[in-house]
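S.K.: I'd like to ask you about the structure that follows.
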Amino acid sequence: MKQLGGIGSGKLEVSMICRSRLAVRSLPFALVLLLMLAVSLPAQTAKSYADVAHLHVQLVVPQSELYPGGPNSAGLYFKLEPGWHVYWQNAGDSGEPPRINWILPEGITASPLQFPAPKRLPLGPLMDFGYEDEVLFPFSFDVSKSARPGLAILDAKVSWLVCREVCIPGKAELGMRLMVAASAPASPTTSSADEDLWKRGIGLLPAPLPTADKALFAVTPTGFRLGVTTGRRETTAVFFPEDQNIIDNPSPQKLSPTKDGLVLELKKDTNLQANPAQLKGVLELSSGRNYELTALPGTVAAPPPAPTVSAAQIFRAAGLAFLGGMLLNLMPCVFPVLFLKGLALVQSGAEERHRLRAHGLVYTAGILVSFWLLVGVLLTLRAAGASLGWGFQFQSPIFLMLMAGLLFFLGLSLAGQFEIGLSLTSTGGSLIGKQGYAGSFFTGVLAVIVATPCTAPFMGAALGYALGAPVAVTFAVFTALALGLAAPYLALTLQPAWTRFLPRPGAWMEVLKQAVSVPIFMTVIWLAWVLATAYGAAALAALLSGFLLLAIAGWFLGRWPAKRWATVVAVLIVASVVGLAVYGQKLAGEAAPATAGTAGSSQSAGSAAWQPWSADQVQKSLAAGQPVFVDFTASWCLSCQVNERVALRQPEVMNAFAAKNVILLKADWTRHDEAITQALTALGRDGVPAYALYVPGETSPRLLPEVLTPGVVLDAINSLPATRSPAQTSNGQ
Amino acid sequence: MSSRHLKISFIAFVFVCAALYATLRFTARAQVDEARVGAQAPAFTATDSRGQTVSLNEFRGKFVVLEWHNQGCPYTRKHYVSGNMQALQKEWTAKGVEWFTVISSAPGEQGYVTDSEENAYLAKMHADPTAALLDPDGKVGRLYGAKTTPEMYVIDPEGRLIYEGAIDNRPTPDVEDIKGADNYVSDALSEAMAGKAVATAYTRPYGCSVKYRD
Chain A
797 MKQLGGIGSG
807 KLEVSMICRS
817 RLAVRSLPFA
827 LVLLLMLAVS
837 LPAQTAKSYA
847 DVAHLHVQLV
857 VPQSELYPGG
867 PNSAGLYFKL
877 EPGWHVYWQN
887 AGDSGEPPRI
897 NWILPEGITA
907 SPLQFPAPKR
917 LPLGPLMDFG
927 YEDEVLFPFS
937 FDVSKSARPG
947 LAILDAKVSW
957 LVCREVCIPG
967 KAELGMRLMV
977 AASAPASPTT
987 SSADEDLWKR
997 GIGLLPAPLP
1007 TADKALFAVT
1017 PTGFRLGVTT
1027 GRRETTAVFF
1037 PEDQNIIDNP
1047 SPQKLSPTKD
1057 GLVLELKKDT
1067 NLQANPAQLK
1077 GVLELSSGRN
1087 YELTALPGTV
1097 AAPPPAPTVS
1107 AAQIFRAAGL
1117 AFLGGMLLNL
1127 MPCVFPVLFL
1137 KGLALVQSGA
1147 EERHRLRAHG
1157 LVYTAGILVS
1167 FWLLVGVLLT
1177 LRAAGASLGW
1187 GFQFQSPIFL
1197 MLMAGLLFFL
1207 GLSLAGQFEI
1217 GLSLTSTGGS
1227 LIGKQGYAGS
1237 FFTGVLAVIV
1247 ATPCTAPFMG
1257 AALGYALGAP
1267 VAVTFAVFTA
1277 LALGLAAPYL
1287 ALTLQPAWTR
1297 FLPRPGAWME
1307 VLKQAVSVPI
1317 FMTVIWLAWV
1327 LATAYGAAAL
1337 AALLSGFLLL
1347 AIAGWFLGRW
1357 PAKRWATVVA
1367 VLIVASVVGL
1377 AVYGQKLAGE
1387 AAPATAGTAG
1397 SSQSAGSAAW
1407 QPWSADQVQK
1417 SLAAGQPVFV
1427 DFTASWCLSC
1437 QVNERVALRQ
1447 PEVMNAFAAK
1457 NVILLKADWT
1467 RHDEAITQAL
1477 TALGRDGVPA
1487 YALYVPGETS
1497 PRLLPEVLTP
1507 GVVLDAINSL
1517 PATRSPAQTS
1527 NGQ
Chain B
28 MSSRHLKISF
38 IAFVFVCAAL
48 YATLRFTARA
58 QVDEARVGAQ
68 APAFTATDSR
78 GQTVSLNEFR
88 GKFVVLEWHN
98 QGCPYTRKHY
108 VSGNMQALQK
118 EWTAKGVEWF
128 TVISSAPGEQ
138 GYVTDSEENA
148 YLAKMHADPT
158 AALLDPDGKV
168 GRLYGAKTTP
178 EMYVIDPEGR
188 LIYEGAIDNR
198 PTPDVEDIKG
208 ADNYVSDALS
218 EAMAGKAVAT
228 AYTRPYGCSV
238 KYRD
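Sequences listed follow chains A and B, in order.
Note that my numbering has the first sequence beginning at 797, numbered continuously upward.
Note that my numbering has the second sequence beginning at 28, numbered continuously upward.
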């Protein structure tokens, strides 16, 4: 290492010793000595910069005079050779930050170096924090009133560690001569070169976190979850811990942007014994924003489970999705649709079965394409910022109306009012030829559309997982779901031998077909009820009018089955129903504020204890030491209604809730609700039903299964710690 | 549409799944059981500069010190030029401690040595560790999560890691900082041998980064 200005610094130490003796020695002697120093020192003061191995280091002082109360800003500047770096205050896994020791005249002190936001510097398996190219560490001189005006000698011993693949410790003695003024000069002069350097450097210092923003951290099994609210969605963020040995530096920091900030998963140092009381450090965000923050312990909602998924998890989810898809065939909403396909199989002759195979594949394609489309639309809308969940289409009144209308029309046909393409009882021999591949395809599409609300009971977790996962995983899971849904029919078409197990065709088929219209009409009733509870009587009236028009259209088709004009009339009427649905949505929109809130199973006995959900209410109750149970529900979610009836509203369950002083909140997701969608996402779910039990003192809520029994809920309630609140409210009052 | 198409689409699906699986396996970082103070020190086997195979398990019943070393690192040099490290090695091996100098520098990196180079270095510096372990593939270093040279580990007779971190409390490359420094390794060994708990069991290691292969 080159050492510069060694002689000057030696003299200065002498002068310090002398000055300390000033009080006891005679004044003239001291004056003579001081005069000698004043003459000898300026010539020997160290330079303000040094060019040494791999770097240039320099003291930067924009002002030409220092004075009491002045900003007296300064900086220590490093210019580094390419590839070399110096370190941040926490250097990371190796390295040391630059240090500076001052020798200053009386009355002048220097503040510690301030550190601009660093960069992550990976080094094999290690991670350092530091600076490449150039860096300025700002500081300031504090000049007291007692400082002697005139020339002042400011000497510094600077040491650093500069590394590329190898590390080289460096040292330099830097010095400056500056005029000290008694007060602020009339026209301050500055050195423009220094000022430019200093200004460039000061802009890179992290700013304090704006007071409107919030930083909290929660302890997780692997480390810390840092949640920062900045008021905007943050898509890039790096956290630099101020304290060493808290965080495992090389571990990637998994970022989950939230609507108004971010959540960072930090892995803790393996040797960390006790969790810190606060998490201090610098947060680097997009477009060069750097904040110094001190995160306090608090609740940070877990981001949806995402990228760090194991292959085993994916296969489990895909397997679950496949099984779920197969089970969907038995759901009341899907079964009637598939039933028609099944009948076609039964009726088909042996010579047609090779064509059936093709129909099976087209049907599978219809299911696949519509699932992909649905997921694609959902992900696109989400990427565009909308917060939607699975079953989101049921939050649209226009969808509800069209869906109900379609099923009603189908029901009419099945019941025998008229024949449409899907019908079986054709006089001609080849049903399949009549139906066409388009028919098979759209049967698949229809199966998916009606299947979506039925997916919740056994698919909720898998769907939530899939929608939060990387896109490739999402599509793998939904492909498995689609294949599962298609599997039974596809298997039958591929292995015509299996159709031996199906019953022989006969008159019973016509009866069965008409019987199937009953569950279809039940589904229609359910949809009408959903629409009415969420959007009011006006929307319901519009829907019923639509039904009337559809019935008339059906009559035309049934009365004059072979006439082209009848078909035209029917199509016109159906078109007007679509128009009515759009109009109905307008009505629904107007009626919305009036009917908000009490959707679902409204105000039945025992529901008085349930209050509308809000995130604030949850926090408030938890703060008051009361556990909170949240029922995430929607009136279009059948399994939600079943769970409420069978488990949640049972007297023994309600009594148990009351005994433990549990606050009961109902989050109604029947209509689109941003806050609820976010709460669901935080739980790792993507749709209803979801049941969460928040316990005071626990960082994350306990989730109950999607199919509830009184026993399941009672177990959860009984596992609660004994209530501490004396305010025991008596049940039902 | 035929069964051929079905076969093709099925194969394509399987292929997509396989590719997905491979990607995930590849990106999932192999998580070895890392060394942690208070826990059992991970077992390892390495070859020393005299060609002998050394296995940690052989030294159960004795205190073991691991010293991460890079003869080109100024922080390591501080302790060798001053004779501090050699003195520690002599003092503690005399008291029955097994002292291993571990070199995890990859070939071509600073501090990488061959057997004969290391033996020559040991002789020249009058260093006296039990053995110098050559770990050019960084296996032992990564197993212990060694970050710097000199980083020190102390293992007790039960095989538990009782100290990990810096050699002393003066994180500088200056020889003059050795005098008066608090030597954490000596502290840990003295306390443990006296049957006491190690007061400072974990510190941030200082020095040059270990020159692992990237």
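From the three backbone atoms N, C-alpha and C, an ideal C-beta is built for every residue, glycine too.
Only a predicted model underlies this, so the values are computations on that prediction, with no experimental measurement involved.
Considering A/PRO1408, what are the terminal residues of the beta strand (DSSP E) in which it resides?
M.R.: 1406 to 1408
S.K.: Assess, as a yes-or-no matter, whether the segment 1160 to 1173 of chain A is touched by the segment 1308 to 1322 of chain A under the definition of 3 or more beta carbon pairs within less than 8 Å.
M.R.: no
S.K.: Rounded to the nearest angstrom, what separates A/ALA1463 and A/TYR883 at their Cα positions?
M.R.: 50 Å
S.K.: Can you list the alpha helix (DSSP H) stretches of 4 or more residues lying completely in the segment 1448 to 1525 of chain A, in chain order?
M.R.: 1470 to 1478 and 1506 to 1514
S.K.: Check this for me: beta carbons of A/LEU1164 and A/ALA1243, under 7 Å apart or not?
M.R.: Going by C-beta atoms, A/LEU1164 is not nearer than 7 Å to A/ALA1243.
S.K.: How many angstroms separate the CA atom of A/LYS953 from the CA atom of A/LYS967?
M.R.: Each residue's alpha carbon lies about 7 Å from the other.
S.K.: Give me the chain A residues within the contact set of B/LYS223, using Cβ-Cβ distance strictly less than 9 Å, ordered along the chain.
M.R.: Those do not exist, as B/LYS223 stays about 18 Å from chain A at its closest Cβ, beyond 9 Å.
S.K.: Taking A/THR1066 as the query, report the chain B residues whose CB atoms sit under 8 Å from its CB, ordered along the chain.
M.R.: Within chain B, the residues placing a beta-carbon under 8 Å from that of A/THR1066 are GLU61, ALA62, ARG63 and GLY172, ordered along the chain.
S.K.: Any idea which residues DSSP pairs A/HIS850 with across the strands?
M.R.: Answer by DSSP bridge pairing: none, since A/HIS850 is not bridged.
S.K.: Pairs of beta-carbons, one from the segment 966 to 980 of chain A and one from the segment 1056 to 1076 of chain A, closer than 8 Å: are there three or more?
M.R.: no
S.K.: Between the beta-carbon of A/GLY1121 and the beta-carbon of A/THR1289, is there less than 7 Å?
M.R.: Cβ distance not < 7 Å, so A/GLY1121 and A/THR1289 don't count as in contact.
S.K.: Can you find a C-beta in chain A that's less than 7 Å from the C-beta of B/PHE42?
M.R.: Reliability fails at B/PHE42, whose pLDDT of 46 lies under 50, so the model's placement of it is uncertain and no value is given.
S.K.: Pull up the CB-CB distance for A/TYR1087 and A/LEU1005, whole angstroms please, since I reckon it's below 8 Å.
M.R.: Confirmed, about 5 Å.
S.K.: Report whether the distance from the Cβ of A/GLN1415 to the nearest heavy atom of the ligand MN is below 6 Å.
M.R.: Among the components modelled here there is no ligand, and therefore nothing to report on the ligand MN.
S.K.: Indicate the three-state DSSP secondary structure (helix, strand or coil) for B/GLY222 in the structure shown.
M.R.: coil
S.K.: Is A/ALA834 buried or exposed, if buried means 16 or more other CB atoms sit within 10 Å of its CB?
M.R.: Annotation note: pLDDT 49 at A/ALA834 (below 50); position unreliable, coordinate value reported separately. A/ALA834 should be labelled exposed.
S.K.: In the segment 876 to 890 of chain A, which residues sit with their C-beta less than 7 Å from some C-beta in chain B, listed in chain order?
M.R.: ASP889 and SER890
S.K.: Shortest alpha-carbon distance to B/TYR211 belongs to which of B/ALA221, B/ALA193, B/ASP204 and B/ALA219?
M.R.: Among B/ALA221, B/ALA193, B/ASP204 and B/ALA219, the Cα nearest to that of B/TYR211 belongs to B/ALA193.
S.K.: On the DSSP bridge list, what partners appear for B/TRP126?
M.R.: B/VAL92
S.K.: Which term fits A/LEU1126, buried or exposed, when burial requires 16 or more other beta carbons within 10 angstroms of its beta carbon?
M.R.: That one is exposed.
S.K.: Using a Cβ-Cβ cutoff of less than 7 Å, which residues in the same chain neighbour B/ALA133 once the five nearest sequence positions on both sides are dropped?
M.R.: TYR139, PRO163, GLY165, LYS238, TYR239 and ARG240
S.K.: Compute the Euclidean distance between the alpha carbons of A/ALA1114 and A/PHE1271, then round it to the nearest angstrom.
M.R.: 10 Å
S.K.: Have a look at B/ARG77, B/PRO232, B/TRP126 and B/ASN111 and flag the residue whose alpha-carbon is nearest the alpha-carbon of B/ALA173.
M.R.: B/PRO232
S.K.: Alpha carbon to alpha carbon, what distance is there between B/HIS106 and B/MET112?
M.R.: 5 Å
S.K.: Do you know how far the Cα of B/ASP201 is from the Cα of B/VAL17?
M.R.: Given a span of 28 to 241 for chain B in the structure shown, any question on residue 17 of chain B remains unanswerable.
S.K.: Using a beta-carbon distance cut-off of less than 7 Å, what residues from the segment 190 to 222 of chain B approach chain A?
M.R.: GLU191, PRO198 and PRO200
S.K.: What are the start and end residues of each continuous beta strand (DSSP E) run of 3 or more residues lying completely inside the segment 149 to 234 of chain B, in chain order?
M.R.: 158 to 161, 179 to 182 and 188 to 192
S.K.: Name, please, each residue of chain B whose Cβ falls closer than 7 Å to the Cβ of A/PRO965.
M.R.: Taking a Cβ-Cβ cut-off of 7 Å, the neighbours of A/PRO965 in chain B comprise PRO101 and PRO200, given in sequence order.
S.K.: For chain B, find out if any of its Cβ atoms is closer than 7 Å to the Cβ of A/GLU1038; answer yes or no.
M.R.: no
S.K.: For the alpha helix (DSSP H) containing B/ASN111, list its first residue and its last residue.
M.R.: Here the alpha helix (DSSP H) through B/ASN111 covers 111 to 121.
S.K.: Three-state secondary structure (DSSP) at A/CYS963?
M.R.: strand
S.K.: Buried or exposed, going by whether 16 or more other CB atoms sit within 10 Å of the CB of A/LEU1089?
M.R.: buried
S.K.: Please identify the residue among A/GLN1474, A/ILE899, A/LEU922 and A/THR1319 whose C-alpha is closest to the C-alpha of A/TRP1432.
M.R.: A/THR1319
S.K.: With DSSP as the reference, label A/TRP1168 as helix, strand or coil.
M.R.: helix
S.K.: I need the boundaries of the alpha helix (DSSP H) containing A/GLU877, first residue and last residue.
M.R.: Unbroken run through A/GLU877: none, as it is neither H nor E.
S.K.: A/ASN886 to A/GLU892, Cα distance in whole Å?
M.R.: C-alpha of A/ASN886 to C-alpha of A/GLU892: approximately 8 Å in a straight line.
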